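Once you know that position 291 of the sequence shown is 291 in full-length UniProt numbering, the rest is easy, because the numbers rise by one and skip nothing.
Glycine included, every Cβ here is placed at the ideal spot set by N, Cα and C.
All values derive from a computational prediction rather than experimental measurement.
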Amino acid sequence: MDPSRDPSASVKRSVKSNTRSSKDSIARLADDLLRQSLTRKPDIAAQEASTLKAKTPRSSASVTRSSISKARGSSAADELLRASLVRDASGSGPSVPPSYRTHNNVPSPLSVSRVKDSSTISAAYSKSRLSALKSEVARANAAAPAYSKSDLFKSSCSTDILFLIDTTYSMNSYIETAKNQIRSIVKEIKEVFLNESNVRVAVVGYKDHGDEPNIEFLDFTTSVTEVYNFLASLQASGGGDIPEDVLGGIQKAINASWMQQTRCLIHIADAPPHGHALHDYEESDDDYYRTASEPHGLTHGNLLSRLVKLKVNYALLRINSSTDRMALEFGKSYGGGFSGRT
Numbered sequence: 001m002d003p004s005r006d007p008s009a010s011v012k013r014s015v016k017s018n019t020r021s022s023k024d025s026i027a028r029l030a031d032d033l034l035r036q037s038l039t040r041k042p043d044i045a046a047q048e049a050s051t052l053k054a055k056t057p058r059s060s061a062s063v064t065r066s067s068i069s070k071a072r073g074s075s076a077a078d079e080l081l082r083a084s085l086v087r088d089a090s091g092s093g094p095s096v097p098p099s100y101r102t103h104n105n106v107p108s109p110l111s112v113s114r115v116k117d118s119s120t121i122s123a124a125y126s127k128s129r130l131s132a133l134k135s136e137v138a139r140a141n142a143a144a145p146a147y148s149k150s151d152l153f154k155s156s157c158s159t160d161i162l163f164l165i166d167t168t169y170s171m172n173s174y175i176e177t178a179k180n181q182i183r184s185i186v187k188e189i190k191e192v193f194l195n196e197s198n199v200r201v202a203v204v205g206y207k208d209h210g211d212e213p214n215i216e217f218l219d220f221t222t223s224v225t226e227v228y229n230f231l232a233s234l235q236a237s238g239g240g241d242i243p244e245d246v247l248g249g250i251q252k253a254i255n256a257s258w259m260q261q262t263r264c265l266i267h268i269a270d271a272p273p274h275g276h277a278l279h280d281y282e283e284s285d286d287d288y289y290r291t292a293s294e295p296h297g298l299t300h301g302n303l304l305s306r307l308v309k310l311k312v313n314y315a316l317l318r319i320n321s322s323t324d325r326m327a328l329e330f331g332k333s334y335g336g337g338f339s340g341r342t
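Right, here's the structure in full:
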């Protein structure tokens, strides 16, 4: 049988032909749909409205793609992609990073305001305080007595000097030398300051308990003649045991009329005070060996403290070693702030 005339073979060929035709039609339809989707123009008006509404800068990726499309030529697919990116941007909004501020480098407006207010208050307070201090100084100057230049010179050079002298018989060979030394000191002070300084001199002569007079005293004076006359009246006499009434002489010196800012006490002696703490002698050599056992009951610690409070400078003109223990103990009370000379 001729295959070309066979009905079943004809049907098979027809089915194959229809199948191939259907596949081709589907392929063409898919191509048409794809082409239409790629060549469809976007809604330009909606895109522009969305872009105007967002007013946000495009991302770096969009800018890069835009520059590439311009170089290669724009296509409908690129425009669709750009429109899609713009719509996404308009819907979600740009991601704006937070401002970078720390409490260290950027103060808040409130803190700045507080600093300004504090500075203003501090400046106002300082100005007010300075004005008050100036007023106080002006009132003090007005209340202070007026000084001429000569008065200021006298005030700065003025001195109170008190000579404390042992006048017992053991000082017989030294008494005249001591008197001459005092006269020389007074004269030199007057000459150094051209007789313009206000130098006052006082003298205390002391002996021992039972002597009469026990204490001889000339209060502060500016008269050189008066000082010389008093020195001439002093006689070396009396004294029993080795120690003398040094503490009684110091008490008299404390009660003198100290006035000037510079104050000096010059002690001339060849024997220590009573009391075992102030000399190295045996008890048999001291009638008042026990501390504070003298008739007046004085102690050196209390007397020296009073001299320190009066701001009186103490100096010992040492004649022999018997006064070394006294000088050491006096120095403790003065904190080493007095001098001793031989």
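With GLY248 and TYR206 assumed to form a contact (beta carbons below 8 angstroms), what rounded beta-carbon distance in angstroms separates them? For the purposes of this step, residue 248 is taken as the residue at position 248 of the sequence shown. For the purposes of this step, residue 206 is taken as the residue at position 206 of the sequence shown. Right, their Cβ atoms sit about 6 angstroms apart.
Which residue marks the beginning of the beta strand (DSSP E) containing TYR314, and which one marks its end? As a first step, residue 314 is located in the sequence shown; it is residue number 314 there, counting from the start. Start and end: 313-318.
Taking the straight line between their C-alpha atoms, what separation do you get for ASN198 and TYR228? Here residue 198 refers to the residue found at position 198 when the sequence shown is read from its first residue. Here residue 228 refers to the residue found at position 228 when the sequence shown is read from its first residue. Their backbone Cα atoms lie some 17 angstroms apart in a straight line.
Taking ARG306 as part of the alpha helix (DSSP H), name the residues at either end of that continuous run. In the sequence shown, counting from the first residue as 1, residue 306 sits at position 306. Its alpha helix (DSSP H) spans residues 300-309.
Please classify TYR174: does DSSP put it in a helix, a strand, or coil? Counted from its first residue, the sequence shown places residue 174 at position 174. Three-state DSSP puts TYR174 in a helix.
Counted within 10 angstroms of its Cβ, other Cβ atoms place GLU294 as buried (16 or more) or exposed: Here residue 294 refers to the residue found at position 294 when the sequence shown is read from its first residue. Burial call: buried.
What residue does the beta strand (DSSP E) around GLU216 start on, and which one ends it? Numbered from 1 along the sequence shown, position 216 holds the residue referred to as residue 216. First-last of the beta strand (DSSP E) with GLU216: 215-221.
Since TYR228 is in the alpha helix (DSSP H), which residue starts that stretch and which ends it? Sequence index remark: in the sequence shown, residue 228 carries index 228 (1-based). Run containing TYR228: 224-233, per the alpha helix (DSSP H) assignment.
DSSP on SER92, reduced to helix/strand/coil? As a working mapping, residue 92 is identified with position 92 in the sequence shown. In this prediction, SER92 has a pLDDT of 49, which is less than 50 and means its spatial position is unreliable; what the coordinates show is noted afterwards. If DSSP states are grouped into helix, strand and coil, SER92 belongs with the helices.
Rounded C-beta distance between LEU328 and LEU265? I'm assuming under 8 angstroms. Sequence index remark: in the sequence shown, residue 328 carries index 328 (1-based). Sequence index remark: in the sequence shown, residue 265 carries index 265 (1-based). LEU328 to LEU265, Cβ: 18 angstroms. No contact.
C-alpha distance - residue 410 paired with LEU303, whole-angstrom precision: No information on residue 410 is available, as it lies outside the stretch 1 to 342 that the chain covers here.
Is it buried or exposed, GLY275, if we count other Cβ atoms within 10 angstroms and call 16 or more buried? If you number the sequence shown from 1, residue 275 lands on position 275. Looking at its Cβ environment, which holds 16 or more other Cβ atoms inside 10 Å, GLY275 is buried.
Quick one: Cα of TYR334 to Cα of PHE230, how far? What you label residue 334 is simply residue 334 of the sequence shown in a count that begins at 1. What you label residue 230 is simply residue 230 of the sequence shown in a count that begins at 1. Going by the C-alpha atoms only, they are around 30 angstroms apart.
Starting from PHE163 and walking both ways along the beta strand (DSSP E), at which residues does that stretch end? Here residue 163 refers to the residue found at position 163 of the sequence shown. Where PHE163 is concerned, the enclosing beta strand (DSSP E) stretches over 159-166.
From the DSSP secondary-structure annotation, give me the bridge partner or partners of HIS267. For the purposes of this step, residue 267 is identified with residue 267 of the sequence shown, where counting begins at 1. DSSP, once it has assigned bridges, lists LEU164, LEU316 as partnering HIS267.
On the DSSP letters alone, give me the boundaries of the beta strand (DSSP E) that TYR206 sits inside. Locating residue 206 in the sequence shown gives position 206, where the first residue counts as 1. Its beta strand (DSSP E) spans residues 199-206.
If we count the other Cβ atoms within 10 Å of its Cβ and call it buried at 16 or more, is ALA132 buried or exposed? For this step, residue 132 is matched to residue 132 along the sequence shown. Exposed is the call here.
Continuous alpha helix (DSSP H) stretch holding PHE330: start and end: Here residue 330 refers to the residue found at position 330 of the sequence shown. Segment 324-334, the alpha helix (DSSP H) holding PHE330.
Span of the alpha helix (DSSP H), counted from its first residue to its last, around GLN251: For the purposes of this step, residue 251 is taken as the residue at position 251 of the sequence shown. Note, GLN251: alpha helix (DSSP H), 246-254.
Is there contact here, the segment 308-324 with the segment 241-260, by at least three beta-carbon pairs under 8 angstroms? yes
Apply the 10 Å Cβ neighbour rule to THR222 and answer buried if 16 or more other Cβ atoms are within range, or exposed otherwise. The sequence position of residue 222 within the sequence shown is 222, counting from 1. Flag for THR222 reads exposed.
Selected residue, minimal CA-CA separation from LYS179, among LEU234, ALA123, ALA253, ASP286: Position 179 of the sequence shown, counted from the start, is the residue given in the question as residue 179. Per the Cα distances, LEU234.
How close, in whole Å, do the beta carbons of ASP166 and ASP270 come, if the pair is a contact with beta carbons under 8 angstroms? Start at 1 with the first residue of the sequence shown, and residue 166 comes out as number 166. Start at 1 with the first residue of the sequence shown, and residue 270 comes out as number 270. Sure, about 6 angstroms apart at Cβ, within 8 angstroms.
Using 8 angstroms as the threshold, is the C-beta distance between HIS296 and PHE330 below it? Translated into the one-based positions of the sequence shown, residue 296 becomes position 296. Translated into the one-based positions of the sequence shown, residue 330 becomes position 330. In this structure, the beta-carbon distance from HIS296 to PHE330 does not fall below 8 angstroms.
Per DSSP, which residues does PRO295 bridge with? Please list them. The count along the sequence shown starts at 1 and reaches residue 295 at position 295. Per DSSP, none; premise fails for PRO295.
Backbone CA spacing between GLY238 and ASN172 [nearest angstrom]: Here the question's residue 238 lines up with position 238 in the sequence shown. Here the question's residue 172 lines up with position 172 in the sequence shown. One C-alpha to the other measures close to 10 angstroms.
Shortest alpha-carbon distance to LYS183 belongs to which of THR225, THR262, ALA292, PRO243? Walking along the sequence shown from the start, residue 183 turns up at place 183. A small correction: the amino acid at residue 183 is Arg; Lys does not occupy that position in the sequence shown. Answer by Cα proximity: THR225.
Select from ASP280, PHE217, ASP324, ALA143 the residue whose C-alpha is nearest the C-alpha of ALA232. Within the sequence shown, the letter at position 232 stands for residue 232. Comparing Cα-Cα distances from ALA232 to each of ASP280, PHE217, ASP324, ALA143, the minimum goes to PHE217.
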